[in-house]
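Read through the structure below, which is laid out as structure tokens, and then see the notes.
2 protein chains.
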Amino acid sequence: MTSKPVVVETVRELKALTSAFRSEKARIALVPTMGALHAGHMALVRRAQEVAEKVVVSIFVNPTQFGPTEDFSRYPRTFDADFEKLSELGADAIYAPDAAEMYPRGFSTRITMSGPADGLESDFRPQFFAGVATVVGKLFIRCAPDFAAFGEKDYQQLKVVTRLSKDLDLGVEIVPVPTTREPDGLALSSRNAYLSAEERAIAPVIYTALKSAALNIRGGATPVDAAQKAADTITAKGLKVDYVAARHAETLAPLSGAEGEPIRLLAAAWLGGTRLIDNIGV
Amino acid sequence: MTSKPVVVETVRELKALTSAFRSEKARIALVPTMGALHAGHMALVRRAQEVAEKVVVSIFVNPTQFGPTEDFSRYPRTFDADFEKLSELGADAIYAPDAAEMYPRGFSTRITMSGPADGLESDFRPQFFAGVATVVGKLFIRCAPDFAAFGEKDYQQLKVVTRLSKDLDLGVEIVPVPTTREPDGLALSSRNAYLSAEERAIAPVIYTALKSAALNIRGGATPVDAAQKAADTITAKGLKVDYVAARHAETLAPLSGAEGEPIRLLAAAWLGGTRLIDNIGV
Numbered sequence: 002m003t004s005k006p007v008v009v010e011t012v013r014e015l016k017a018l019t020s021a022f023r024s025e026k027a028r029i030a031l032v033p034t035m036g037a038l039h040a041g042h043m044a045l046v047r048r049a050q051e052v053a054e055k056v057v058v059s060i061f062v063n064p065t066q067f068g069p070t071e072d073f074s075r076y077p078r079t080f081d082a083d084f085e086k087l088s089e090l091g092a093d094a095i096y097a098p099d100a101a102e103m104y105p106r107g108f109s110t111r112i113t114m115s116g117p118a119d120g121l122e123s124d125f126r127p128q129f130f131a132g133v134a135t136v137v138g139k140l141f142i143r144c145a146p147d148f149a150a151f152g153e154k155d156y157q158q159l160k161v162v163t164r165l166s167k168d169l170d171l172g173v174e175i176v177p178v179p180t181t182r183e184p185d186g187l188a189l190s191s192r193n194a195y196l197s198a199e200e201r202a203i204a205p206v207i208y209t210a211l212k213s214a215a216l217n218i219r220g221g222a223t224p225v226d227a228a229q230k231a232a233d234t235i236t237a238k239g240l241k242v243d244y245v246a247a248r249h250a251e252t253l254a255p256l257s258g259a260e261g262e263p264i265r266l267l268a269a270a271w272l273g274g275t276r277l278i279d280n281i282g283v
Numbered sequence: 002m003t004s005k006p007v008v009v010e011t012v013r014e015l016k017a018l019t020s021a022f023r024s025e026k027a028r029i030a031l032v033p034t035m036g037a038l039h040a041g042h043m044a045l046v047r048r049a050q051e052v053a054e055k056v057v058v059s060i061f062v063n064p065t066q067f068g069p070t071e072d073f074s075r076y077p078r079t080f081d082a083d084f085e086k087l088s089e090l091g092a093d094a095i096y097a098p099d100a101a102e103m104y105p106r107g108f109s110t111r112i113t114m115s116g117p118a119d120g121l122e123s124d125f126r127p128q129f130f131a132g133v134a135t136v137v138g139k140l141f142i143r144c145a146p147d148f149a150a151f152g153e154k155d156y157q158q159l160k161v162v163t164r165l166s167k168d169l170d171l172g173v174e175i176v177p178v179p180t181t182r183e184p185d186g187l188a189l190s191s192r193n194a195y196l197s198a199e200e201r202a203i204a205p206v207i208y209t210a211l212k213s214a215a216l217n218i219r220g221g222a223t224p225v226d227a228a229q230k231a232a233d234t235i236t237a238k239g240l241k242v243d244y245v246a247a248r249h250a251e252t253l254a255p256l257s258g259a260e261g262e263p264i265r266l267l268a269a270a271w272l273g274g275t276r277l278i279d280n281i282g283v
């Protein structure tokens, strides 16, 4: 029997709560989310509970990381169901600010990123990482957690927030959590809810194509050829590929070709009106 | 008889020092500087000492706030003299990081500002406020001061860092300090050291022109006309005007014409190879 999470909506309440946690010598792990929680988020919360005594889950559909033509307005908002899931897991607190609490009138500050943010998602969602970095920077400063759990599903985002915490000396250790997948390999995503039954049946092709590409690279294919073949496989299923790329697994820089360089394969593609992303290590 | 300031160069030493200050229940005021300290900086330190028990002065010539054609390389660096001045005043600590300490290899984060950063200096120094906001954001996070003293001489910067602290919830109260002037009205600036004797004799025209403009506005002239007349006066002395502008004193937005709107007059002009700025309230 676990107690329900405390729900706070203002920075003042959040700071009071986290101060109380710290006065008990509890370490705090933050799990930043946009709600619409699924089993992938539950894995983040469980991992957070392994590293810290107190877990705060933020739920905020951040308008600034959506482009003008993207799915901000239709993004699923399921607070009651999210609250139930977090209650079952025994999360300690939910921070659910509204937009005016996060970005008060006159708000004029943006955190922009280069390095790991260059290319890939940024080529197709030019505002995305500035939106992410600004809101995550604010969440880290407001909550001052010891740890923050981020999923490998959003691999470039994981590397961006790791860089952000280091660059601004925010003192938050980023805890990466492996991607949770459906039995057929599809990476869990709140956006999977947009898929029709027919699209849902096709969607795992991104993962299977990336897996083949990884095997091909291990078998001696060049990363460029393997990525191209994966893109062709995905396209053949009727998806529109934004990118399939092999990058340095830590810096996300283009591969130098150096011996033993760690490689990550990353992909984004449109299935009908839904944009899906995935990635795997080689 | 005052003790010499402690000099720290790394974030680790800085954090140890500020933790020690806080464990004594001392409030901390930060005075961010680029060194080359003059009586204007001394006024900042004295004001800081009025509001807080411990004063930390940072000295860092921040490369990212200089444009490629600006005076970064020739900007005066006078650490020994700065140390003596701060010793005489009884400053508690000097934080003097080097560039690699502030921006380690792989640094990829930039804080950019709109709102009070729009126009004026930004029209002529497009990288300036991103450089300022990034370094001041880092200094605020590293030092976590209760207060930070900034001079009104850099009035737009004062408004930008005030907005920054609020937007990122950094919890630093910005303490504005009136401009220190030479007897003939010239605002103190480290860049005054670049002026020849002849230029130095001309330089107060910016202040005297702004004073006349303020009187004219109080006497019924439109802010636009008064600013134009001040620009003409400055130009007539052989300076090249970047801008003379009347703005809302708090937001720095263009004037709306509303009754009782607080007005600030701001100017920037080149005198030979030296760029001078000044501003006054109306």
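Same order as they appear, the protein sequences are chains P and H. Residue numbering for the first sequence follows the working numbering, beginning at 2 and increasing consecutively. Residue numbering for the second sequence follows the working numbering, beginning at 2 and increasing consecutively. Note that beta-carbon positions come from the ideal geometry of N, C-alpha and C, so glycine has one too.
If you reduce the DSSP assignment to three classes, tell me which class residue i lands in.
| i | result |
| --- | --- |
| residue 280 (chain P) | strand |
| residue 151 (chain P) | strand |
| residue 219 (chain P) | helix |
| residue 238 (chain H) | coil |
| residue 168 (chain P) | helix |
| residue 123 (chain P) | helix |
| residue 76 (chain H) | coil |
| residue 96 (chain P) | strand |
| residue 200 (chain H) | helix |
| residue 62 (chain P) | coil |
| residue 243 (chain P) | strand |
| residue 140 (chain H) | helix |
| residue 52 (chain P) | helix |
| residue 13 (chain P) | helix |
| residue 173 (chain P) | coil |
| residue 27 (chain P) | coil |
| residue 42 (chain P) | helix |
| residue 113 (chain P) | strand |
| residue 180 (chain H) | coil |
Among the options, whose alpha-carbon lies nearest the alpha-carbon of residue i?
| i | options | result |
| --- | --- | --- |
| residue 138 (chain P) | P:156, P:123, P:175 | P:175 |
| residue 71 (chain P) | P:226, P:56, P:125 | P:125 |
| residue 9 (chain H) | H:243, H:279, H:84 | H:84 |
| residue 66 (chain P) | P:122, P:274, P:24 | P:122 |
| residue 130 (chain P) | P:251, P:23, P:63, P:182 | P:63 |
| residue 12 (chain P) | P:173, P:171, P:101 | P:101 |
| residue 275 (chain H) | H:191, H:43, H:224 | H:191 |
| residue 14 (chain P) | P:253, P:143, P:217 | P:143 |
| residue 152 (chain H) | H:262, H:49, H:16 | H:49 |
| residue 172 (chain P) | P:148, P:160, P:69 | P:148 |
| residue 55 (chain P) | P:95, P:218, P:160 | P:95 |
| residue 169 (chain P) | P:7, P:245, P:114 | P:114 |
| residue 92 (chain P) | P:119, P:76, P:75, P:43 | P:43 |
| residue 158 (chain H) | H:141, H:140, H:134, H:167 | H:134 |
| residue 260 (chain H) | H:128, H:239, H:221 | H:221 |
| residue 136 (chain H) | H:98, H:117, H:167, H:127 | H:98 |
So, is the C-beta of residue i closer than 8 Å to a C-beta in chain H?
| i | result |
| --- | --- |
| residue 107 (chain P) | yes |
| residue 99 (chain P) | no |
| residue 287 (chain P) | Given a span of 2 to 283 for chain P in the structure shown, any question on residue 287 (chain P) remains unanswerable. |
Are residue i and residue j closer than 8 Å when you measure CB to CB?
| i | j | result |
| --- | --- | --- |
| residue 36 (chain H) | residue 154 (chain H) | no |
| residue 60 (chain H) | residue 34 (chain H) | yes |
| residue 57 (chain P) | residue 146 (chain P) | yes |
| residue 165 (chain P) | residue 110 (chain H) | yes |
| residue 38 (chain H) | residue 5 (chain H) | no |
| residue 266 (chain P) | residue 204 (chain P) | no |
| residue 256 (chain P) | residue 247 (chain P) | yes |
| residue 53 (chain H) | residue 28 (chain H) | yes |
| residue 188 (chain P) | residue 156 (chain P) | no |
| residue 31 (chain P) | residue 140 (chain P) | yes |
| residue 254 (chain H) | residue 264 (chain H) | no |
| residue 244 (chain H) | residue 268 (chain H) | yes |
| residue 237 (chain H) | residue 214 (chain H) | no |
| residue 219 (chain P) | residue 283 (chain P) | yes |
Using a Cβ-Cβ distance cut-off of 8 Å, determine whether residue i contacts chain P.
| i | result |
| --- | --- |
| residue 175 (chain H) | no |
| residue 256 (chain H) | no |
| residue 170 (chain H) | yes |
Scan the region 13-39 of chain H for residues whose Cβ lies nearer than 8 Å to a Cβ of chain P and list them as they occur along the chain.
-> The residues in question: there are none.
Chain-ordered residues of the region 242-254 of chain P with a beta carbon less than 8 Å from chain H = Going along the region 242-254 of chain P in chain order, one finds 252 with a Cβ nearer than 8 Å to chain H.
Name, going along the chain, the residues of the region 108-125 of chain P whose beta-carbon falls closer than 8 Å to a beta-carbon of chain H.
-> Residues of the region 108-125 of chain P with a C-beta atom less than 8 Å from some C-beta of chain H are 108, 109, 110, 111, 112, 113, 114, 115, 116, 117, 118, listed in chain order.
Within 7 Å of chain P by C-beta, residues of the region 135-167 of chain H in sequence order | Taking 7 Å as the Cβ-Cβ cut-off, the region 135-167 of chain H approaches chain P at 138, 139, 142, 143, 164, 165, given in chain order.
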